[in-house]
């Protein structure tokens, strides 16, 4: 088998360029059928009980825990030959994790991959929700390190399970209050806990709190896979997702006092990029595809004006 | 239950392509479970043995295996050999032990099925109910997660007291059963979070 039938840096849009030769000797999408059935049953129950963490028999994957084994197992159980897959890591399509996972599914499932959020039927993500709004019918798969939002408050699984069963979330509110007492505001910047459909407190995975409002009543199906911790959970489309807060300290998202240095966007999540060792820095969109598309459109407009 | 030797020549074939057929059927169920009231079409070649309809047989082939005891009502009992042969699933005598229940007759009372526990509500039974027919924009009005405002669906063959039985199931949340309603090659889902009004 040839290793690189695909040039991963090729621009999106040309299907042929994004086809990679599939490899022999593996089942479709790597996992065996019994594992897929088990994961599929867990996903269906997760959808039926929004925000509840369904235990599942997580398998060894050909990459280490912490690199997205949960998300990969969910994607492998959901994906079909007609799907188009996008993978992002901290918003970027071109980082090691994203490129490798995309290539993994191109090789084991023969699916088309894309960097465009709009073209994808499945988006697997680590730590971001794309800036481009998702649509009905799309599936967003989150890679989750610690699925239990109460874990830092109560280390025992037996206890946190009981707390979820009894809807006993007082300690979570107390931990947010302690932030206010100490810092004058809720200091959580990522992994900001949410309440799903008014019942289960859920970890949104380490997305910045900037992305929390995008989870609320999102028309796409949101699936969460935690490989090491062996949990799957879900948010069905159009389901209310509320970030926990207090009446006098309402939830708010980060803001920046400058636009993206590359595309000029003022409504996106910005990464700080250090440029030199003299204090030089710039802020640019964390969602590379969204930023590149805005730059391309601006360049197109400029050319159009010049002509 | 005493087991007779299987006469494999009388067993109807299962999926033509076990891997991709199972995937496509699962995606149909997932789409229907995520959007209660939406009707999914089973788009594969499958000649199910009576009394199963194609959708019920397909869902069983896609999701049942040795880990999932399946309970059959009296009308669905003739399908036991088909399910044992293709899925390798135990046939449950007690509905409380069933992960899946196949109901080809009238929809029975829901409480005897596994309801899950408060700690593990995912251990409840998923019921596959063969309805007389499924129509979009029918007499039931649905609301809940997966539905933007309300969804409408027509389901033939539900018992007269279904709305009451389903309200009781809703009230158990997070416990409660989930319902997959099939008719011919189509299916729709009522997860425990969905509320129904006629």
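Protein chains in written order, with this note's numbering: chain C, 37 to 343; chain E, 41 to 238. For each residue, glycine too, the CB sits at the ideal point set by N, CA and C. Predicted model only: the values in this text are computed from it and were never measured.
Minimum Cβ-Cβ distance from residue i to chain C less than 8 Å
i	result
residue 47(E)	no
residue 64(E)	yes
residue 30(E)	Because chain E in this structure spans residues 41 to 238, residue 30(E) falls outside the shown range and cannot be described.
residue 226(E)	no
residue 236(E)	no
residue 142(E)	no
residue 75(E)	yes
residue 232(E)	yes
residue 150(E)	no
residue 124(E)	no
residue 218(E)	yes
residue 53(E)	no
residue 60(E)	yes
residue 70(E)	yes
residue 67(E)	yes
residue 130(E)	no
DSSP state of residue i mapped onto helix, strand, coil
i	result
residue 67(E)	helix
residue 267(C)	strand
residue 114(C)	helix
residue 331(C)	helix
residue 46(C)	With a pLDDT of only 42 at residue 46(C), under 50, the local geometry of the prediction cannot be trusted, and no value is derived from it.
residue 303(C)	coil
residue 84(C)	helix
residue 136(C)	helix
residue 125(E)	helix
residue 60(E)	helix
residue 341(C)	helix
residue 278(C)	strand
residue 100(C)	coil
residue 59(C)	coil
residue 65(C)	coil
residue 285(C)	coil
residue 314(C)	coil
residue 81(E)	strand
residue 89(C)	coil
residue 54(E)	coil
Closer than 8 Å to chain E by CB, residue i
i	result
residue 77(C)	yes
residue 90(C)	yes
residue 225(C)	no
residue 191(C)	no
residue 183(C)	no
residue 117(C)	yes
residue 249(C)	no
residue 98(C)	no
residue 86(C)	yes
Taking contact to mean 3 or more Cβ pairs, one atom from each stretch, closer than 8 Å, check whether the region 318-331 of chain C and the region 282-301 of chain C are in contact. Touching, yes, given that three or more Cβ pairs across the two stretches are closer than 8 Å.
Say whether the region 266-279 of chain C touches the region 73-85 of chain C, bearing in mind that this needs 3 or more beta-carbon pairs closer than 8 Å, one atom from each stretch. Touching, per the Cβ criterion.
Any contact between the region 121-131 of chain E and the region 158-171 of chain E? By contact I mean 3 or more CB pairs, one from each, below 8 Å. No: fewer than three Cβ pairs fall under 8 Å.
Contact between the region 192-201 of chain C and the region 144-161 of chain C (3+ Cβ pairs under 8 Å): The region 192-201 of chain C vs the region 144-161 of chain C: no contact.
Taking contact to mean at least 3 C-beta pairs separated by less than 8 Å, is the region 115-126 of chain C in contact with the region 313-321 of chain C? Short answer: they don't touch.
Please identify, using Cβ separations under 9 Å, the residues of the region 158-175 of chain E that lie next to chain C, in order along the chain. Of all residues in the region 158-175 of chain E, the ones placed with a Cβ closer than 9 Å to any Cβ belonging to chain C are 158, 159, 160, 161, 162, 163, 164 and 166, in chain order.
With 9 Å as the C-beta to C-beta threshold (strictly closer), list the residues of the region 98-109 of chain E near chain C in chain order. Of all residues in the region 98-109 of chain E, 102, 103, 104, 105, 106, 107 and 108 have a Cβ within less than 9 Å of some Cβ in chain C.
Quick check for students: name the residue ranges of the beta strand (DSSP E) that lie wholly in the region 147-172 of chain C, counting only runs of 3 or more. Whole beta strand (DSSP E) segments, 3+ residues: 158-162.
Residues in the region 182-207 of chain E having any Cβ partner in chain C nearer than 9 Å: Residues of the region 182-207 of chain E with a Cβ closer than 9 Å to any Cβ of chain C, in chain order: 184, 185, 186, 187, 188 and 189.
Chain D contacts made by the region 111-122 of chain E, where a contact means CB separation under 9 Å: The displayed structure is made up of protein chains C and E, and chain D is not among them.
Taking a cut of 8 Å between CB atoms, which residues from the region 135-153 of chain C lie near chain E? If the cut-off is 8 Å between Cβ atoms, the region 135-153 of chain C has nothing near chain E.
Any chance the region 211-218 of chain C sits against the region 277-290 of chain C, with 3 or more Cβ pairs inside 8 Å? Contact annotation: the region 211-218 of chain C touches the region 277-290 of chain C, with at least three C-beta pairs closer than 8 Å.
Could you list the residues in the region 230-242 of chain C with a C-beta less than 9 Å from some C-beta on chain E, going in chain order? Under the 9 Å Cβ criterion, the region 230-242 of chain C contributes 232, 233, 235 and 236.
In the region 184-262 of chain C, which residue ranges form an unbroken alpha helix (DSSP H) of at least 4 residues, counting only runs that do not cross its ends? With a minimum length of 4 residues, the unbroken runs of alpha helix (DSSP H) contained wholly in the region 184-262 of chain C fall at 193-201, 206-219 and 248-251.
Residues within the region 161-173 of chain C neighbouring chain E, beta-carbon criterion of under 9 Å: Residues of the region 161-173 of chain C whose Cβ lies closer than 9 Å to any Cβ of chain E, in chain order: 172 and 173.
Of the residues that make up the region 60-84 of chain C, which ones have a beta carbon closer than 9 Å to any beta carbon in chain E? Per Cβ criterion, the list reads 63, 64, 65, 69, 70, 72, 73, 74, 76, 77, 78, 79, 80, 81, 82, 83 and 84.
Say whether the region 197-211 of chain E touches the region 45-60 of chain E, bearing in mind that this needs 3 or more beta-carbon pairs closer than 8 Å, one atom from each stretch. The region 197-211 of chain E is not in contact with the region 45-60 of chain E.
Say whether the region 76-83 of chain E touches the region 222-231 of chain E, bearing in mind that this needs 3 or more beta-carbon pairs closer than 8 Å, one atom from each stretch. Because the criterion of three Cβ pairs below 8 Å is met, the region 76-83 of chain E and the region 222-231 of chain E touch.
Is there contact between the region 174-186 of chain C and the region 105-122 of chain C, where contact requires at least three CB pairs shorter than 8 Å? Result yes; three or more Cβ-Cβ pairs closer than 8 Å.
Entirely enclosed alpha helix (DSSP H) segments - the region 142-225 of chain E, minimum 4 residues: Complete alpha helix (DSSP H) runs here, min 4: 202-211.
Cβ-based contacts, 7 Å cut-off: residues of the region 256-282 of chain C near chain E: Taking 7 Å as the Cβ-Cβ cut-off, the region 256-282 of chain C approaches chain E at 257, 272, 273, 274 and 275, given in chain order.
Mind checking the region 196-223 of chain C against chain E and listing, in chain order, the residues whose C-beta falls within less than 8 Å of any C-beta there? Listed by position, the residues of the region 196-223 of chain C near chain E (Cβ gap below 8 Å) are 197, 198, 200, 201 and 202.
Spell out a yes or no on whether the region 173-184 of chain E and the region 112-119 of chain E are touching, meaning 3 or more CB-CB pairs, one atom from each, closer than 8 Å. The region 173-184 of chain E, when compared against the region 112-119 of chain E, does not touch it at the 8 Å Cβ threshold.
Within the chosen definition, does the region 225-233 of chain C reach the region 244-251 of chain C through at least 3 CB pairs nearer than 8 Å? A contact between stretches requires three or more CB pairs, one per stretch, nearer than 8 Å, and the region 225-233 of chain C meets this requirement with the region 244-251 of chain C.
Ranges of the beta strand (DSSP E) found wholly within the region 86-116 of chain E, counting only runs of at least 3: The qualifying runs are 110-112.
When Cβ atoms are compared, which residues of the region 80-99 of chain E fall closer than 7 Å to chain C? Those residues of the region 80-99 of chain E that come within reach of chain C (Cβ to Cβ, closer than 7 Å) do not exist; the list is empty.
For the 8 Å Cβ check, are there 3 or more pairs between the region 67-81 of chain C and the region 232-241 of chain C? A contact between stretches requires three or more CB pairs, one per stretch, nearer than 8 Å, and the region 67-81 of chain C fails this requirement with the region 232-241 of chain C.
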